[in-house]
Amino acid sequence: MNPIIPSGSYDYIFCGIGASASLLLLEMHRAGLLQNAQVLLIDRVKKDTRDKTFCFWSDDQEPIGHALKPIISHSWETVILPNKDETPLFPYTYNHISSIDLYKQIDQLRESFQWTHILAEIEVISEDADGPFVQVQEQKIRGTTIFDSRTPNHALSQGGQTHIHQSFVGWMIETQIAMDSPLAFRFMDFNIEQLGHTQFVYVLPFSPTTALVEVTRFGSEILQLPEAEELLKKYTSQHFNSYTTLAIEQGCIPMSNTPMESLNVSGVVYLGARNYNIKPSTGYAFKNMYYHARELTKTMVNGGNVCEHNVKHSDAFRGRFAFYDALLLDILKRQPAEGKRIFLSLFESTGIQKVMRFLDEKTNFQEDASIFIQLPWKPFLSSLARKLFHSELSRPIILTLLTLLLLVLGYNTDTQRIVSYSLLALGLITVGIPHGAVDHLLSTGRWNLKKASGFIFKYLALMLSMALVWLYNSSLGLGVFLLYSSWHFGQADGALWHFKKPASFFWGASVLVYVLGTHFQETNAILRSMGDLRLPAACPVWALLPWLGWAIWRKQSSFAITVIWLLLGSQLPLVIAFGLYFIGQHSFTGWQHIQRHLNISHQSIWVHSLPFNMGAWLLFALFYFLWPAQASLNEPLPWGVFFIFIACLSFPHVLAMQTVYRAK
Ligand SMILES: Cc1cc2nc3c(=O)[nH]c(=O)nc-3n(C[C@H](O)[C@H](O)[C@H](O)COP(=O)(O)OP(=O)(O)OC[C@H]3O[C@@H](n4cnc5c(N)ncnc54)[C@H](O)[C@@H]3O)c2cc1C
41 MNPIIPSGSY
51 DYIFCGIGAS
61 ASLLLLEMHR
71 AGLLQNAQVL
81 LIDRVKKDTR
91 DKTFCFWSDD
101 QEPIGHALKP
111 IISHSWETVI
121 LPNKDETPLF
131 PYTYNHISSI
141 DLYKQIDQLR
151 ESFQWTHILA
161 EIEVISEDAD
171 GPFVQVQEQK
181 IRGTTIFDSR
191 TPNHALSQGG
201 QTHIHQSFVG
211 WMIETQIAMD
221 SPLAFRFMDF
231 NIEQLGHTQF
241 VYVLPFSPTT
251 ALVEVTRFGS
261 EILQLPEAEE
271 LLKKYTSQHF
281 NSYTTLAIEQ
291 GCIPMSNTPM
301 ESLNVSGVVY
311 LGARNYNIKP
321 STGYAFKNMY
331 YHARELTKTM
341 VNGGNVCEHN
351 VKHSDAFRGR
361 FAFYDALLLD
371 ILKRQPAEGK
381 RIFLSLFEST
391 GIQKVMRFLD
401 EKTNFQEDAS
411 IFIQLPWKPF
421 LSSLARKLFH
431 SELSRPIILT
441 LLTLLLLVLG
451 YNTDTQRIVS
461 YSLLALGLIT
471 VGIPHGAVDH
481 LLSTGRWNLK
491 KASGFIFKYL
501 ALMLSMALVW
511 LYNSSLGLGV
521 FLLYSSWHFG
531 QADGALWHFK
541 KPASFFWGAS
551 VLVYVLGTHF
561 QETNAILRSM
571 GDLRLPAACP
581 VWALLPWLGW
591 AIWRKQSSFA
601 ITVIWLLLGS
611 QLPLVIAFGL
621 YFIGQHSFTG
631 WQHIQRHLNI
641 SHQSIWVHSL
651 PFNMGAWLLF
661 ALFYFLWPAQ
671 ASLNEPLPWG
681 VFFIFIACLS
691 FPHVLAMQTV
701 YRAK
């Protein structure tokens, strides 16, 4: 039966009422923010089961332990670590909350405040002229602040990012005779078969005869129920006498540093997993969600803007702890057999309290170093090498080295020409043209055969209109080409380095003017062959230096290095300098944005680009023979015709790419 969708508007709408929303509601209630508020709760499932077990550690000073005391059902003061005896946790305790106890608190508040509650799938959260809204069964419900904790989707991992899973299956068991050490919980017991993964068991005893025994796997492959039950059977038969299974818990937490979809809607605040509250290397989120709820509540009490607490992907994975997480994730994905060795040596060499402070990201750099020095180096070094290769610095560094190499080969020498033109041709075929040959996928993500003829016709018509502009008035053609190229280059780089729109355009225009203007005579030679055009003035070699200053001021190393190789590139011949920027910087960046937008693999993009990639070369051949012959008659290479063709081809591409950049 469809729920009745209430009309009216609300002060607060909670989209998803799982852990993060519940923690926030409790905090807001504690701060008195809900007394006269109109609140709407929406979830697609009834939160009336014990669907999760939430554990977290805290010391006596931390507010979380005090605030959630009424629902903490068990606390352990001692732990059994791998290959060790019982160890006191002091000053920490390891605390357990059953999800149902948390949800019940919200049920009580809902009943006493008479909040509206809908059991339904949220279709969309968006905004229009009247403000933000939540759409349920095609009906818009408005709220001043919308808290979004719906389960997020992760994008495919790029470069140095990793997405793996923490999958687990737990049995709540009751033993016939009291178990050994019922007061201590067993943390990461690696004494189970690894089967090529990183897997271990937790034992949380709730009484001398009841315990949750949970087998957990970190890795790319999710632990399936039959294999988990096999491992649990072996483990329980080794550690417990006869027992009965009371309940089963199964779950999966993303261990990921990939980006999540972001709505960018004013008035929408992200919570929980959606706000990057899950620590990638451990899967722990509960404490982060609680402190996030406190921060939000404080801001609301002070009348501040809660949306400012929305975390962006680039901020979530900044800093040294994010870097450590990234290394460990990479090891767990690529060298899963190393996981056991790393964790065992961690617990062997480092006290549990220090490990907990490290996982809470509260240790200082010296303490971090003292932890890492004890760990096996090899897996970390190989992961570091991979990370450096995939870091955002690697491409600008490679381009700088390439520019230096080409400079060393001598200006316009045969060797320089052979090396650079071979590389540029390879780049143009593999990335340059293909990055513009998936425009047919950009708006819907799939190729619609029914609409194919319409799409191709529109694309060709836009190309033809550009060709006609060139034929009618080549100065106008050049002007329009430079304008939309500046926009397009700036848009790609601006999205990479988080520029605002005017700065993006100004950067795109600066690069174009710089590359052309520092090669005044060569540019004019080509422009003459494009219809008797010429640049009004040359550009000084230092002209990009203000951008270098800006990059340093913004502490953006990859931007700064890009400016440096562009400055060096001014000493290379025009076509090489432009080609390095167009392929090495623009096409690769555009490709990354397209991949993120379509959320498909690189291979898949390349395969999808093939028909239009080949079509582009065919069109070029046609264009070359049909274009009026004033072009490049005296030139060994037909650069004039080539650039006019690129102007025509790129016009519809620039328009198509707006879909990608509008969605960012
Ligand atoms: C089994 C399990 C055990 C965990 N144990 C721990 C732990 O011990 N310690 C720890 O720190 N972390 C733990 N975590 C990780 C983390 O704390 C939890 O995942 C936590 O629930 C995340 O909170 P959340 O609010 O982001 O998501 P959730 O609690 O999952 O809440 C999201 C809610 O949104 C609803 N929803 C989603 N999409 C829609 C839609 N389109 N329309 C309507 N409703 C929607 C869902 O039904 C759900 O109720 C655990 C995770 C799992 C899965």
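The sequence shown runs 41 to 704 under our numbering.
Virtual Cβ for every residue (Gly too), placed ideally from N, Cα, C.
Check, Outcome
"In chain order, which beta strand (DSSP E) runs of at least 3 residues are fully inside the segment 106 to 143?", "112 to 116, 118 to 120, 126 to 128, 132 to 138"
"Going by DSSP, which residues form a beta bridge with Glu289?", "Gly210"
"Taking 7 Å as the cut-off, is the CB of Thr184 close to at least one heavy atom of ligand 3?", "In the structure on display, ligand 3 does not appear, and the ligands it does have are ligand 1."
"What is the DSSP secondary structure of Phe280, counted as helix, strand or coil?", "coil"
"Can you list, in chain order, the residues of its chain whose CB lies under 7 Å from that of Asp83, leaving out five sequence neighbours each side?", "Gly56, Ile57, Leu159"
"For the structure I just gave you, are there three or more beta carbon pairs, one from the segment 506 to 514 and one from the segment 681 to 689, closer than 8 Å?", "yes"
"Got a sec: does ligand 1 put a non-hydrogen atom nearer than 7 Å to the Cβ of Tyr324?", "yes"
"If we count the other Cβ atoms within 10 Å of its Cβ and call it buried at 16 or more, is Met451 buried or exposed?", "The amino acid at residue 451 is misidentified as Met; the sequence shows Tyr. Exposed, because fewer than 16 other Cβ atoms sit within 10 Å of the Cβ of Tyr451."
"Between the Cα of Val694 and those of Glu267, Gln201, Phe529, Asp533, spot the shortest distance and give me the residue it belongs to.", "Phe529"
"Please classify Phe240: does DSSP put it in a helix, a strand, or coil?", "strand"
"Once you ignore the five residues that flank Ser138 on each side, which residues in its own chain have a CB closer than 7 Å to its CB?", "Arg90, Thr93, Ser113"
"Using 7 Å as the cut-off, classify the Cβ of Gly200 as near or not near the heavy atoms of ligand 1, replying yes or no.", "no"
"Could you give the first and the last residue of the continuous beta strand (DSSP E) run that contains Phe357?", "From DSSP, Phe357 is part of no beta strand (DSSP E); its letter is neither H nor E."
"Find the nearest neighbour of Leu522 within the set Lys498, Ile684, Leu446, judged by alpha-carbon distance.", "Ile684"
"Does the beta-carbon of Gly281 have 16 or more other beta-carbons within 10 angstroms, so that it is buried, or is it exposed?", "One detail in the question is off: residue 281 reads as Asn in this sequence, not Gly. It counts as exposed."
"Quick check: what's the CA-CA separation for Phe599 versus Ser62?", "42 Å"
"List the DSSP bridge partners of Arg182.", "Ser49, Phe173"
"Quick one: what does DSSP say Pro676 is sitting in, helix, strand or coil?", "Residue confidence for Pro676 is low, a pLDDT of 49 falling below 50, so the modelled location carries little weight and cannot support an answer."
"Look up Tyr310 in the DSSP assignment and give the residues it is bridged to.", "Asp188"
"Going by the CB atoms, is the gap between Tyr52 and Asp99 shorter than 8 Å?", "no"
"Taking C-alpha atoms, which residue in Phe660, Ile232, Leu444, Lys86 lies nearest to Leu500?", "Phe660"
"Is the distance from the Cβ of Val305 to the Cβ of Pro172 below 8 Å?", "yes"
"Ends of the alpha helix (DSSP H) at Ala251?", "Careful: Ala251 lies outside any alpha helix (DSSP H), inside the beta strand (DSSP E) at 250 to 259."
"Can you list, in chain order, the residues of its chain with a C-beta nearer than 6 Å to that of Phe663? Leave out the 5 residues immediately preceding and following it.", "Phe685"
"Whose CA, out of Ser207, Asp355, Val309, Phe618, lies closest to the CA of Arg190?", "Val309"
"Does the distance between the C-beta of Asp370 and the nearest non-hydrogen atom of ligand 1 fall short of 7 Å?", "no"
"Quick check on this structure: which residue in Gly609, Thr484, Tyr143 has the alpha carbon closest to the alpha carbon of Ser60?", "Tyr143"
"By how many angstroms is the C-alpha of His626 removed from the C-alpha of Thr470?", "14 Å"
"Looking at the unbroken alpha helix (DSSP H) that takes in Thr202, where does it start and where does it end?", "It is not in any alpha helix (DSSP H) - Thr202 carries neither H nor E in the DSSP assignment."
"So which of Ala617, Phe363, Leu196, Tyr524 has the shortest CA-CA distance to His633?", "Leu196"
"What three-state label does DSSP hand Glu348 in the structure shown?", "helix"
"At a cut-off of 7 Å, is Cys347 close to ligand 1 when judged by its beta-carbon and the heavy atoms of the ligand?", "no"
"Less than 8 Å between the C-beta atoms of Leu271 and Ile318, yes or no?", "no"
"Quick check on Leu620: does DSSP put it in helix, strand or coil?", "helix"
"With DSSP as the reference, label Cys688 as helix, strand or coil.", "helix"
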